[in-house]
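The next block holds one structure in the form of structure tokens; read it before the comments.
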Amino acid sequence: MSKNAKDLNDDFYSGEEINYEDYYLDDEDEYLDEDEDIHGNMRESIREHRGGPDKAPIDPNPVKKTSEKHPEDSDIGKAAEQYPSGPEGKREGADIPYQASGTNTQNLEVRDQKDMKKEINKNPDKKREEPVKRDTGKIKNGPEKSGTQKSGAVKQEAPKAGAGKKEAPKTSTGKKEAPKTSTGKKEAPKDFAGKKEVPKANAVKKEVPKGAAEKPGPKSGPERTGAKKTDPGKPGVQKNGGKRPGTRKSSGNPAKASGSGRRQKKSGLPVALITVGVFIGVCAAAYIGVSAYFMSHFYMNTEINGHDFSRQTVEDVKEYIQQQVKGYSLTIREKDNKTDTISGEEISLEYKENQDIENVLKNQNAFLWPQAFFVKNSSKATVEVSYDRDALEKKIHNLQAVKAEQTPPTSAYPKFNGTEYEVEPEVTGTEVNQDLLREKVHQYISEFQPELDMVAENCYALPKYTSESGDVRAACNEMNEYLKASITYSMDQPVVVDKTLISNWVSADENMKVTFDEAAVREWLREFGKQYDTVGKTRSITSPWGKTVEVSGGTYGWSVDEDAEFPALVESIKKGEVVTREPIYVPGQTAASRGPQDWGNTYAEVDLSGQHMWFIVDGAVALETDVVTGVPNPARETPSGVYSILEKELNSTLVGEIDPATGQPEYRTPVAYWMRVTWSGIGFHDANWQPAFGGSLYATGAGSHGCINMPVDQAGALFNMMPVGTPVIIHY
């Protein structure tokens with residue numbers, strides 16, 4: 001199986017009998033690409049004869065055939081282009097040798113000859129009238145034939161080996177044998193010049209016999225003898241549109257225009273990988289270079305002690321510090337637009353180097369430099385300086401803010417504005433925080449900052465709470481809850497306990513803890529009782545006969561029970577209640593009406609001086625009579641004041657006090673009508689033992705032990721007319 005695609009093509013057009021198993025095809029199959037319709041069917045026929053492409057035999061001694069200078073000219077599939085049919089129906093250019101190229105050959109399947117001839121009949125342009133036999137003789141040395149060469153290519157005749165082309169003898173297997181020499185040995189394959197071809201690794205070099213016309217084949221130089229220059233971008237096509245022998249027609253497909261098109265496509269990936277690799281290498285080298293730079297330089301956006309040292313070295317920083325020491329001065333701004341200055345010379349300021357600057361650079365990771373574009377790097381380095389501390393202390397003490405009279409600050413606090421509690425802003429005052437001031441002066445000198453604002457740096461004593469403090473606002477809210485309460489007492493004039501009064505009882509301490517002053521509430525109730533309690537107070541009264549007297553003492557009138565009212569009032573305030581009510585009074589300590597004449601217009605009146613009494617109902621006298629009252633001495637006198645009837649009783653026995661000498665009551669006196677005025681035994685009752693009433697009997701021995709003695713009938717009438725609780729006014 002020593003015949004290749006070229007031989008198959010020649011044998012096909014020469015009309016020889018073709019045994020497809022005797023041929024092998026180059027792996028690129030270039031020679032059969034000229035006529036895809038014909039040779040495609042030939043490959044298909046090979047598959048039919050050999051049972052598939054995988055079973056096609058491989059030539060044991062493949063020969064790579066290629067053009068030495070123009071591998072793209074080795075598309076042997078375009079051989080038909082070199083041998084077009086002439087006017088006599090004879091294939092032209094059969095004598096022209098050509099060079100074929102290829103890689104490691106691979107057997108391909110070809111259709112049988114009949115199928116191929118049918119394909120030729122279908123394509124009249126490619127139809128040959130008769131097979132063309134190739135002459136294997138020597139190359140003719142005559143002049144070029146005119147009219148038989150395309151596009152300026154030099155036409156040559158193939159050298160003849162004899163009188164005509166002979167068919168190689170077949171072996172017993174039916175395969176053709178290679179022609180033998182006179183010695184009987186097989187000849188090595190020859191090219192069309194009759195030159196033996198020696199298989200080589202990459203190419204077969206052809207020699208032209210002396211005296212023969214030179215073929216316009218590839219040369220080592222850029223030009224070929226007898227042919228025009230070709231366009232390097234279009235293999236096998238001359239610039240004038242002609243063709244070199246042995247080349248294919250240019251089809252619009254780049255892959256077919258060159259026999260190495262498939263290899264060119266495959267070479268794109270390594271080139272891309274190499275490009276990417278080079279790019280990555282360049283980037284990595286640049287990154288490492290920048291990282292090396294930042295091993296000795298500070299990042300971008302680097303601040304040390306508030307100053308920008310971006311892309312500077314440690315020595316740059318130290319040099320900057322040294323320069324700052326010289327001629328340095330610190331201006332201190334105080335309140336009220338006052339300023340003071342401390343110069344470095346005045347305190348003997350000197351710079352002392354340390355390792356803090358180097359440590360800042362060491363802590364910087366040089367390989368993370370890209371982050372510096374987005375993150376500010378602020379560092380604090382201890383800048384050691386030496387100075388005269390006594391001189392600095394003297395300068396601080398002489399500052400205007402320190403020498404002036406200072407007022408302490410006042411914290412913000414809840415303040416009642418008449419409606420609710422609100423935050424009263426703080427007052428900073430002028431008191432200086434001297435410890436902080438010293439610290440800031442040292443810091444500013446260390447950082448070589450030119451100006452210190454005492455207000456901005458809070459060098460003045462600050463209040464504990466400001467208007468923005470949450471504790472102050474929380475205290476305001478809690479205190480306002482108390483102000484929601486409103487308690488109205490029904491007196492002769494309503495008394496209201498509301499936010500105005502309650503605001504005096506609610507407060508916040510220095511820690512903004514809200515307290516409710518219950519002691520203040522109790523004190524208010526005591527004052528409230530003094531104002532509205534009438535028991536024992538002096539009253540002005542006018543007798544029915546026109547006498548006006550001042551009466552004080554007694555047990556009748558209003559009296560608020562402060563002990564009972566206090567918890568009730570506190571609870572109402574804490575709950576935020578809104579209510580109208582009377583205060584809680586001492587049981588029985590109420591009066592007929594409110595106002596100066598709280599006894600009303602129904603009452604009993606006793607005139608001790610006139611020894612006479614009246615019972616007045618609705619302002620009119622309903623009963624009056626003379627009476628005998630107690631002996632005018634401390635032990636037996638009738639007490640003056642405003643009282644009330646506490647109880648009444650019929651047929652009662654009056655019992656006197658126990659006589660210490662006898663151990664018995666001083667008296668036991670039964671009476672028909674008893675009307676108690678005091679719980680100590682003073683009251684109205686009948687006295688049938690009195691010989692008379694009125695006048696001065698009470699002072700001359702007929703006086704009672706303090707009771708008001710009445711005639712029996714008058715006593716009975718009064719008993720029936722005067723109910724319990726009726727006010728009783730006794731006066732002189």
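Heads up, the sequence shown is in full-length UniProt numbering, so the first residue is 1 and it goes up one at a time.
Glycine is no exception: its CB is placed at the ideal position from the N, C-alpha and C atoms.
Quiz prompt | Own chain partners of residue 733 with C-beta closer than 6 Å, once the 5 adjacent residues on each side are dropped | solution = Residue 733 lies beyond the range of the chain shown here (1 to 732); nothing can be said about it.
Quiz item: Is it buried or exposed for proline 583, if we count other Cβ within 10 angstroms and need 16 for buried?
Solution: buried
Practice problem: Report the residue ranges of all beta strand (DSSP E) runs contained in full by the stretch 655-715; include only those spanning at least 3 residues, in chain order. | Solution: 668-676, 683-686, 708-710
Quiz item: If glycine 694 sits next to aspartate 626, beta carbons under 8 Å apart, how far is it from one beta carbon to the other, in whole angstroms?
Solution: 3 Å
Quiz prompt | Residue from Phe615, His705, Val621, Glu657 whose Cα sits closest to the Cα of proline 634 | solution = His705
Quiz prompt | Residue nearest to residue 733 in terms of C-alpha spacing, selected from Gly600, Val570, Thr488 | solution = Lying before the first or after the last residue shown, residue 733 is absent from the chain, which here runs from 1 to 732.
Quiz item: How would you write the range of the alpha helix (DSSP H) that asparagine 477 sits in, first residue to last?
Solution: 470-482
Quiz item: Are the CB atoms of arginine 311 and methionine 454 nearer to each other than 8 Å?
Solution: no
Quiz item: How should cysteine 283 be labelled, buried or exposed, when 16 other C-beta atoms within 10 angstroms of its C-beta is the threshold for buried?
Solution: exposed
Quiz item: Leaving out the 5 sequence neighbours to the left and right, which residues in its chain are closer than 6 Å to arginine 676 when beta-carbon positions are compared?
Solution: Leu646, Glu647, Gly683
Practice problem: Reducing DSSP to helix, strand and coil, say where isoleucine 584 ends up. | Solution: coil
Self-check item: Three-state class that DSSP yields for tryptophan 505 in the structure shown
Solution: coil
Quiz item: Is there contact here, the stretch 437-451 with the stretch 370-379, by at least three beta-carbon pairs under 8 Å?
Solution: no
Quiz prompt | Beta-carbon proximity list for glutamate 451, same chain, < 7 Å, skipping 5 on both sides | solution = Thr331, Arg333
Practice problem: Take the Cβ of isoleucine 658 as the centre, count every other Cβ of all protein chains shown within 10 Å, and call the residue buried at 16 or more, exposed below. | Solution: exposed
Self-check item: For glutamate 481 and glycine 553, believed in contact at Cβ under 8 Å, the rounded distance
Solution: Wrong, their Cβ atoms sit about 46 Å apart, outside the cutoff.
Quiz item: What did DSSP end up calling tryptophan 369 once you bin it into helix, strand or coil?
Solution: helix
Exercise. Output the boundary residues of the beta strand (DSSP E) element that contains valine 423.
Key: 421-424
Quiz item: How about glutamine 597 and serine 559: do their beta carbons lie closer than 8 Å?
Solution: no
Quiz item: For valine 549, which three-state DSSP category applies?
Solution: strand
Practice problem: Report all residues from its chain with a CB closer than 8 Å to the CB of glutamate 510; omit the five preceding and five following residues, and keep chain order. | Solution: Ser411, Lys464
Quiz prompt | DSSP three-state assignment for alanine 178, whether helix, strand or coil | solution = With a pLDDT of 43 at alanine 178, under the threshold of 50, the modelled position of that residue is not reliable, and the figure given next carries that caveat. Note: alanine 178 maps to coil in three-state DSSP.
Self-check item: For serine 343, the residue or residues it bridges with in DSSP
Solution: Ser329
Quiz item: Taking the C-alpha atoms as reference points, what is the distance between lysine 574 and arginine 594?
Solution: 30 Å
Quiz item: Which full runs of the alpha helix (DSSP H) of 4+ residues lie inside the stretch 268-311, going along the chain?
Solution: 268-293
Practice problem: Could you round the C-beta distance between asparagine 377 and asparagine 301 to whole angstroms and report it? I think they count as a contact, below 8 Å. | Solution: 6 Å
Practice problem: Measure how close the beta-carbons of isoleucine 304 and valine 360 come, nearest whole angstrom, since I'm counting them as under 8 Å. | Solution: 6 Å
Quiz item: Would you call leucine 650 buried or exposed, if buried means 16 or more other Cβ atoms sit within 10 Å of its Cβ?
Solution: exposed
Self-check item: valine 495 - containing beta strand (DSSP E), residue span
Solution: 495-497
Practice problem: Taking valine 497 as the reference, give the member of Arg522, Thr700, Ala286 with the closest Cα. | Solution: Arg522
Quiz item: DSSP state of tyrosine 465, grouped into three classes?
Solution: coil
Self-check item: Element boundaries [alpha helix (DSSP H), containing aspartate 435]
Solution: 434-446
Quiz prompt | Straight-line Cα distance separating serine 379 from glycine 306 | solution = 8 Å
Practice problem: Over the uninterrupted beta strand (DSSP E) stretch that includes serine 486, give me the two end residues. | Solution: 486-489
Practice problem: On a CA-only basis, which of Ala717, Ser696, Val642 is nearest isoleucine 729? Give me that one, please. | Solution: Val642
Practice problem: Below 8 Å CB to CB, which residues in the same chain sit around valine 290 once its five sequence neighbours on both sides are set aside? | Solution: Trp369
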